[in-house]
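Have a look at the structure below, then the notes.
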Amino acid sequence: MIDIHTHILPGIDDGADSWEATLNLARAAVSEGITTLIATPHHANGRYTNFASEVQELTRLANERLVASGIPLSIAPGQEIRVHEDLLDAWQRGELLSLAGSMYVLIEMPSNHIPTKMEELIHELRVMNLTPIIAHPERNAEIVKSSDRLARLVDRGACAQVTTHSLLGGFGKQIEKTAWSLCKSGLVHVISSDAHHPERRGFRLREAYEAIGRRMGEPWADYYFANAQCVADNRDFGMQPKVQVPSKSSISRLFSFFYRP
Ligand SMILES: [Fe+2]
């Protein structure tokens, strides 16, 4: 399994705070069957600044440590880039990273609103042959209120990544509900952990794929699973499954048909 959004590099954001924590998180990933993950430290979010060159060097050191510790995991460099005025110029200056050197860039909006120039930014990134993946839209207040807000961004060429913990209820009922609703509306392209800490906020990737298989059908779990690999391989995402996602009402109708008193 591939996880495209993690905070595994030590001491540079609110994820792993030491090499020991990095290795513990790496062991947790391997125990869940993850073979490759992309390190996406926060960048330009007002609290953390992690330029491309620093992330690349730390990723190289992390892979050396993994080999030395006999942990069968590989880490590729990336960033979780906060939307900011200087983003396009920062890209031209070489300060930003795509995910694992692919055409995909992970961008983060503030949690309380959608920036006014978001659609313009998506357009500009697409013109530069980059595909923005919006990190955890299910945690954005405006999208929680109306999924149409995300639909507009997807129409402009953005993709979206929902977090395992959101689907599994780790951020509360409302975010759980939004996460499933966005997935069922076909507005989500990839699932990842946004892992920060093995116990407090780990991976739960397999668990999330299993839940998706149960609630939306196996083709959807396969679709998300394959798309994470597409990011690592720099390939276009696959076609979304054409299977009908069962709604709650259709399941209860079926249930009442078979279990009539
Ligand atoms: Fe993150």
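Note that the sequence shown ends on residue 258 in our numbering; no numbers are left out.
Beta carbons: idealized from backbone N, C-alpha and C, even for Gly.
Under the three-state reduction of DSSP, which class applies to residue i: helix, strand or coil?
i	result
threonine 46	coil
glutamate 207	helix
histidine 162	helix
serine 28	helix
phenylalanine 254	Its pLDDT being 40, under 50, phenylalanine 254 is placed unreliably in this model, and the coordinates cannot settle the point.
arginine 198	strand
valine 316	Residue 316 is absent from the structure shown; the chain starts at -2 and stops at 258.
serine 66	coil
Buried or exposed: residue i, going by 16 or more other Cβ atoms within 10 Å of its Cβ?
i	result
histidine 110	exposed
arginine 198	buried
alanine 97	buried
serine 99	buried
arginine 232	exposed
proline 74	buried
valine 124	exposed
valine 64	exposed
lysine 216	The sequence shown places proline at residue 216, rather than the lysine named in the question. Classification for proline 216: exposed.
proline 66	Note on identity: in this sequence residue 66 is serine, with proline being the wrong assignment. With fewer than 16 other Cβ atoms within 10 Å, it is exposed.
alanine 13	buried
Look at residue i and residue j and say whether their C-beta atoms are less than 8 Å apart.
i	j	result
glutamine 171	histidine 133	no
asparagine 260	aspartate 0	What the structure shows of the chain is the stretch from -2 to 258, and residue 260 is not part of that stretch, so it cannot be assessed.
isoleucine 5	alanine 41	no
glycine 183	glutamine 226	no
valine 27	leucine 70	yes
leucine 118	serine 144	no
alanine 25	phenylalanine 222	no
tryptophan 177	leucine 165	no
threonine 175	valine 151	no
arginine 62	leucine 20	yes
Checklist entry - Per the contact definition of three or more C-beta pairs closer than 8 Å, is the stretch 184 to 203 in contact with the stretch 26 to 33? => result yes
Checklist entry - Pairing CB atoms from the stretch 121 to 139 with CB atoms from the stretch 98 to 112, are three or more of them under 8 Å? => result yes
Next on the checklist: Suppose only complete runs of 4+ residues qualify. What are the alpha helix (DSSP H) ranges in the stretch 104 to 175, listed by chain order?
Outcome noted: 115 to 124, 138 to 142, 145 to 152, 161 to 164
Checklist entry - Can you give, in chain order, each stretch of the beta strand (DSSP E) that sits fully within the stretch 73 to 104 and has at least 3 residues? => result 77 to 79
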